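Enquirer: Protein chains in written order, with our numbering: chain S, 6 to 199; chain Y, 6 to 199. Submitted below is the structure of interest, expressed as C-alpha cells.
2 protein chains.
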Amino acid sequence: MYDIIFKHLEEKVPLTQAEKELIKTFFKPKKIKKKQFVVVEGHVCNYLTFVSKGLLKAYNVDDKGNEHINQFSPEGWWTSDMSSFFSGGISFYSIDAMEDSEVLLITREDFDNLTLQVPVMDRYFRLLFQNSLITKERRLISSHTHTAEEKYRHITENNPDLMKRIPQNLLASYLGLSPETLSRLKKNIIFDPK
Amino acid sequence: MYDIIFKHLEEKVPLTQAEKELIKTFFKPKKIKKKQFVVVEGHVCNYLTFVSKGLLKAYNVDDKGNEHINQFSPEGWWTSDMSSFFSGGISFYSIDAMEDSEVLLITREDFDNLTLQVPVMDRYFRLLFQNSLITKERRLISSHTHTAEEKYRHITENNPDLMKRIPQNLLASYLGLSPETLSRLKKNIIFDPK
DNA sequence: AAATTCACTTGATCCAAATCAATTATTTGG
DNA sequence: CCAAATAATTGATTTGGATCAAGTGAATTT
Numbered sequence: 006m007y008d009i010i011f012k013h014l015e016e017k018v019p020l021t022q023a024e025k026e027l028i029k030t031f032f033k034p035k036k037i038k039k040k041q042f043v044v045v046e047g048h049v050c051n052y053l054t055f056v057s058k059g060l061l062k063a064y065n066v067d068d069k070g071n072e073h074i075n076q077f078s079p080e081g082w083w084t085s086d087m088s089s090f091f092s093g094g095i096s097f098y099s100i101d102a103m104e105d106s107e108v109l110l111i112t113r114e115d116f117d118n119l120t121l122q123v124p125v126m127d128r129y130f131r132l133l134f135q136n137s138l139i140t141k142e143r144r145l146i147s148s149h150t151h152t153a154e155e156k157y158r159h160i161t162e163n164n165p166d167l168m169k170r171i172p173q174n175l176l177a178s179y180l181g182l183s184p185e186t187l188s189r190l191k192k193n194i195i196f197d198p199k
Numbered sequence: 006m007y008d009i010i011f012k013h014l015e016e017k018v019p020l021t022q023a024e025k026e027l028i029k030t031f032f033k034p035k036k037i038k039k040k041q042f043v044v045v046e047g048h049v050c051n052y053l054t055f056v057s058k059g060l061l062k063a064y065n066v067d068d069k070g071n072e073h074i075n076q077f078s079p080e081g082w083w084t085s086d087m088s089s090f091f092s093g094g095i096s097f098y099s100i101d102a103m104e105d106s107e108v109l110l111i112t113r114e115d116f117d118n119l120t121l122q123v124p125v126m127d128r129y130f131r132l133l134f135q136n137s138l139i140t141k142e143r144r145l146i147s148s149h150t151h152t153a154e155e156k157y158r159h160i161t162e163n164n165p166d167l168m169k170r171i172p173q174n175l176l177a178s179y180l181g182l183s184p185e186t187l188s189r190l191k192k193n194i195i196f197d198p199k
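As C-alpha cells, this is what we get:
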C-alpha cells in the first residue's frame, strides 16, 4: 500500500528508512468504491489524498448544473480541494472515485506535523506544486489558443494510457467542451490521416 | 531594494537576520526600462525574478501572431517561465516590463543553493506555488464556466488597483477575449446598475 | 435476460464572441 | 508641440461550438 507513495516521494527527494517509518504514521489508508465521495462541494476538504490505486476526479458543478472537471487523479497522483484543505474554508470541488480505488489520507494537522518533522517534505511538495503549476498554466493558455480539436489531439497524444479509462463525456468536461462537440470532432480526426 | 522581498518572505516564513544576509547574496538587483525583456520566447529563462517595483507581463505568441498573457506581475510578485527555469529547456513565454521596473534576479544554481542553505525557503516556495496553483485552477474553471462579462466583472472587482495600470487590450488578452469584445461589454456594465 | 440507466452519435438551430473593417481617441517619442 | 504610433470604439459579418432534440448503443442492476 505504501510502496507507491514512497516510490513517488523518492523520485523527487531522498528519504531515510527512519523518515519513511515516520511518514507512514501520518497517513491513513482507505478503500473507496466507485462513485464514493472523498469530499462534497460546500463541505470542508479535511484530507489531502494520495491515490495508490484507481482513479478519482475533482469537479465543480456550475449554476446551470454542468459539471466541470478540474483534475483526474490516477494512481501516483494527489488530489484535494487545496484551497479548502489549506485554508479550512468550504470546498469548491467535489471529489469522487471513477473506479474502485485505494487512497492514503492525511489531515491538515498531520500535514503540518509532517513538514515540520520531515522538512524535506516541504521540498517534495514544492516540487510537486511547481510542476502542477506549469501544467495548469499551459492548460489555461491552451484553452485560449487552441481549437476543440487541437485540445483533444493534445491530450490524447500525451495521455494515451489515461484516455482508455476516461469516458468521453467526462473528457469533454475536462476540456471545457460539450459531449456533442467532442463526439463530432473525433470523426474528423479518424478520417483525416494527418 | 530588499525591503519588499523580505516583507513578502516573512509573510509566509520566519527568517533570522543571518538568513536574510545570506539570502541577499543570492540575488542580483536590476533596473528594467519599460518594454525591456527579461526573457524572450525560445530562449532559456535563466532567472527567477522577484519584482520589487513596477509591472511585468509574461505572454506567449501563438501561430496567428496573437499574444496570450499568462500573468501580470506587479511589485511583490514573482515571475519567470518556470518550466524553462527549472528544466533548462527553452522558454514558452516572453516576459517584458510594462512600466519602468526594479527586479531581483536569481539563477537556477543559486536557487538550488538557496534552498539547500536556507531550507525554510523550500517551505516559502511551497506555499507560494500552492497559492498560485489554487488561483490558476480557479482561472481555468472560470474560463470554462463564465461568460466574457462575468470574467471581466470578477477581475475588476478583485483587482481594482491593478486594473488602473493595465491597458484594456492587454486585459482582454489575459482574459482570453478579443479587445473588441471587452470594449463592447464594458458599455453594458456601465449602464446596468447591478 | 429484461429493464433501466447511462454513454454516444447525429441532426437542426442558435448564439456569444471572433474577425474584418473603418473611425476616433490617446499616447509616446522626436 | 506635433507626428506617428498605439489603443479604444463602433459597426457589419462570420463562425465555432453550445444547445435542443431524438435516436442508438452499451453497461449495470435486479
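Beta carbons: idealized from backbone N, C-alpha and C, even for Gly. Computed from a prediction, not measured in an experiment: that's the story for all the values here.
(1) Between which two residues does the alpha helix (DSSP H) containing S/Val125 stretch?
(2) Excluding the 5 residues flanking Y/Leu180 on each side, which residues of the same chain have their C-beta closer than 6 Å to its C-beta?
(3) For Y/Phe97, name the three-state secondary structure that DSSP assigns.
(4) Check whether chain S comes within 7 Å of Y/Arg113, counting only Cβ atoms and requiring the distance to be less than that.
(5) Where Y/Lys33 and S/Leu133 are concerned, what is the direct C-alpha to C-alpha distance, given to the nearest angstrom?
(6) Please determine, among S/Met168, S/Glu162, S/Asn163 and S/Ser183, the residue with the shortest C-alpha to C-alpha distance to Y/His149.
(7) Taking only beta carbons into account, state which residues of the segment 121-132 of chain S come closer than 7 Å to chain Y, listed in chain order.
(8) Examine chain S for any beta-carbon lying closer than 7 Å to the beta-carbon of Y/Gly203, and answer yes or no.
(9) Note down, one range per segment and in chain order, each beta strand (DSSP E) of at least 3 residues found wholly within the segment 57-112 of chain S.
(10) In or out: S/Asn71 buried (at least 16 other Cβ within 10 Å) or exposed?
(11) Quick one: any contact between the segment 113-130 of chain Y and the segment 28-48 of chain Y, if contact means 3 or more CB pairs under 8 Å?
(12) By the three-class DSSP mapping on this structure, what secondary structure does Y/Tyr52 have?
(13) Taking a Cβ distance cut-off of 8 Å, strictly less, list which residues of the segment 169-194 of chain Y are near chain S, in chain order.
(14) Mapping the DSSP letters down to three states, classify S/Asp197 as helix, strand or coil.
(15) Listing by chain order, which chain Y residues have their CB less than 8 Å from the CB of S/His73?
(16) Decide if Y/Asn65 is buried, meaning its Cβ has at least 16 other Cβ atoms within 10 Å, or exposed.
(17) For S/Phe134, which residues in chain Y fall below 7 Å Cβ to Cβ?
(18) If we ignore side chains and look at the alpha-carbon of each, how far apart do S/Glu26 and S/Asp127 end up?
(19) Indicate whether at least one CB of chain S lies closer than 7 Å to the CB of Y/Asn65.
(20) Give a yes or no on whether 7 Å exceeds the smallest Cβ distance from S/Glu142 to chain Y.
(21) Tell me, please, whether the CB atom of S/Ser88 is closer than 7 Å to any CB atom in chain Y?
Expert: Based on what the coordinates show:
(1) Taking the first residue of the first sequence as position 1, residue 125 of chain S is located at position 120. Residues Val125 to Thr150.
(2) Along the second sequence, read from residue 1 onward, the residue named residue 180 of chain Y stands at position 175. Hits under 6 Å: Lys156.
(3) On the second sequence, residue 97 of chain Y is found 92 positions in, with the first residue counted as 1. For Y/Phe97, the three-state secondary structure derived from DSSP is coil.
(4) Within the second sequence, numbered from 1, the residue matching residue 113 of chain Y stands at position 108. Chain S, which has no Cβ nearer than 7 Å to the Cβ of Y/Arg113, makes this no.
(5) Here residue 33 of chain Y refers to the residue found at position 28 of the second sequence. Here residue 133 of chain S refers to the residue found at position 128 of the first sequence. The straight-line gap separating the alpha-carbon atoms of Y/Lys33 and S/Leu133 is approximately 27 Å.
(6) Working through the second sequence from its first residue, we reach residue 149 of chain Y at position 144. Nearest C-alpha to Y/His149: S/Ser183.
(7) If the cut-off is 7 Å between Cβ atoms, the segment 121-132 of chain S has Pro124, Asp127, Arg128, Phe130 and Arg131 near chain Y.
(8) As shown, chain Y starts at 6 and ends at 199. That puts residue 203 of chain Y outside it, with no answer to give.
(9) The DSSP assignment places 60-66, 72-79, 99-102 and 106-112 as complete runs of the beta strand (DSSP E) inside the segment 57-112 of chain S, in order along the chain (cut-off: 3 residues).
(10) If you number the first sequence from 1, residue 71 of chain S lands on position 66. S/Asn71 counts as exposed, since fewer than 16 other C-beta atoms from the protein chains shown sit within 10 angstroms of its C-beta.
(11) Because the criterion of three Cβ pairs below 8 Å is met, the segment 113-130 of chain Y and the segment 28-48 of chain Y touch.
(12) Taking the first residue of the second sequence as position 1, residue 52 of chain Y is located at position 47. Of the three classes helix, strand and coil, the one that applies to Y/Tyr52 here is strand, per DSSP.
(13) Answer set for the segment 169-194 of chain Y: Gly181.
(14) On the first sequence, residue 197 of chain S is found 192 positions in, with the first residue counted as 1. Residue placement at S/Asp197 cannot be trusted, given a pLDDT of 44 that sits under 50; the coordinates are not used to answer.
(15) On the first sequence, position 68 is the one that residue 73 of chain S refers to. Here the neighbours are Ile146, His149 and Thr150.
(16) Translated into the one-based positions of the second sequence, residue 65 of chain Y becomes position 60. Label assigned to Y/Asn65: buried.
(17) As a working mapping, residue 134 of chain S is identified with position 129 in the first sequence. What S/Phe134 touches in chain Y: Arg131, Phe134, Gln135 and Leu138.
(18) Position 21 of the first sequence, counted from the first residue, corresponds to residue 26 of chain S. Position 122 of the first sequence, counted from the first residue, corresponds to residue 127 of chain S. The alpha-carbon atoms of S/Glu26 and S/Asp127 are separated by roughly 17 Å.
(19) Residue numbering aside, residue 65 of chain Y sits at position 60 when the second sequence is read from its first letter. Yes, contact with chain S.
(20) On the first sequence, residue 142 of chain S is found 137 positions in, with the first residue counted as 1. S/Glu142 counts as touching chain Y.
(21) Locating residue 88 of chain S in the first sequence gives position 83, counting from the first residue. Using beta-carbon distances, S/Ser88 counts as an interface residue toward chain Y, with a partner under 7 Å.
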